[in-house]
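Chemist:
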Amino acid sequence: MLKSDRWIHDQAVGGMIEPFQPSLVRHLDGEKREKPVLSFGCSSYGYDLRLSAREFLIFRHVPGTIMNPKRFNPANLEPTALHRDADGAYFILPAHSYGLGVALERLRVPRSITVICLGKSTYARLGIIVNTTPAEASWEGHLTLEFSNSSGADCRIYANEGICQLLFFEGDPCEITYGDRAGKYQHQPERVTLARI
Numbered sequence: 050m051l052k053s054d055r056w057i058h059d060q061a062v063g064g065m066i067e068p069f070q071p072s073l074v075r076h077l078d079g080e081k082r083e084k085p086v087l088s089f090g091c092s093s094y095g096y097d098l099r100l101s102a103r104e105f106l107i108f109r110h111v112p113g114t115i116m117n118p119k120r121f122n123p124a125n126l127e128p129t130a131l132h133r134d135a136d137g138a139y140f141i142l143p144a145h146s147y148g149l150g151v152a153l154e155r156l157r158v159p160r161s162i163t164v165i166c167l168g169k170s171t172y173a174r175l176g177i178i179v180n181t182t183p184a185e186a187s188w189e190g191h192l193t194l195e196f197s198n199s200s201g202a203d204c205r206i207y208a209n210e211g212i213c214q215l216l217f218f219e220g221d222p223c224e225i226t227y228g229d230r231a232g233k234y235q236h237q238p239e240r241v242t243l244a245r246i
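So for the sequence shown, the working numbering puts the first residue at 50; every next one is plus one.
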């Protein structure tokens, strides 16, 4: 069953999402509506996470290099600068490239819940694809987020604003949770966590 805003609010009181924004924020200046942002916070049946300003890494092309998930080479990633202007703080994801960022909010997923992370339609309409990512029962930490720029133009990826939506699904109680088996991506910090095996 897909969980609603009421359930998300109740769970947030117990620390499921920190920091927690109880309603959807679309403007930083509230009633004036002069400073629009990519929405973040609790919606009807989900929660829009923000992208942390701490780190954003881009895969660079190294001729002759073949990526290997069993022997991931961090030298294939390079940090990108955080820029600021009147529209806000942002990273630039070059055309036809792939990048990694991290969620500002920390999650503590309950035992009978699996979370699915999906991209926001505003970014999708620019050609930015946020990889669909699960956070299994009892997973904790800051989600590492994966972005693909499928367009032919560089794109701004705004920090401290909405970047993806979480959907919370309740299932029958599982025998062993992600936390019970000490999954390899458990307790991710507010930094990009690289591929592990």
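Yeah, the Cβ is synthetic: ideal placement off N, Cα and C, and Gly gets one too.
Between the alpha carbons of residue 229 and residue 163, how many angstroms are there, rounded?
Modeler: Roughly 14 Å separates the two Cα atoms.
Chemist: Please check the pair residue 209 and residue 177, which I expect to be a contact at CB under 8 Å, by giving their CB distance rounded to whole angstroms.
Modeler: Residue 209 to residue 177, Cβ: 17 Å. No contact.
Chemist: Would you mind stating whether residue 211 and residue 97 have Cβ atoms separated by less than 9 Å?
Modeler: In contact: residue 211 and residue 97 (Cβ atoms closer than 9 Å).
Chemist: Between the Cα of residue 86 and those of 232, 136, 202, spot the shortest distance and give me the residue it belongs to.
Modeler: That would be 136, whose Cα lies nearest to the Cα of residue 86.
Chemist: Based on DSSP bridge pairs, tell me the residues matched to residue 128.
Modeler: Paired residue(s): 106.
Chemist: Could you check how far apart the C-beta atoms of residue 189 and residue 99 are, in whole angstroms? I think they sit under 8 Å.
Modeler: Between residue 99 and residue 189 the Cβ distance is about 18 Å, and since that is not below 8 Å, they are no contact.
Chemist: Answer yes or no: do residue 216 and residue 149 have a C-beta to C-beta separation smaller than 9 Å?
Modeler: No. Outside cutoff.
Chemist: What would DSSP say about residue 173, mapped onto helix, strand or coil?
Modeler: DSSP places residue 173 in helix when its eight states are reduced to three.
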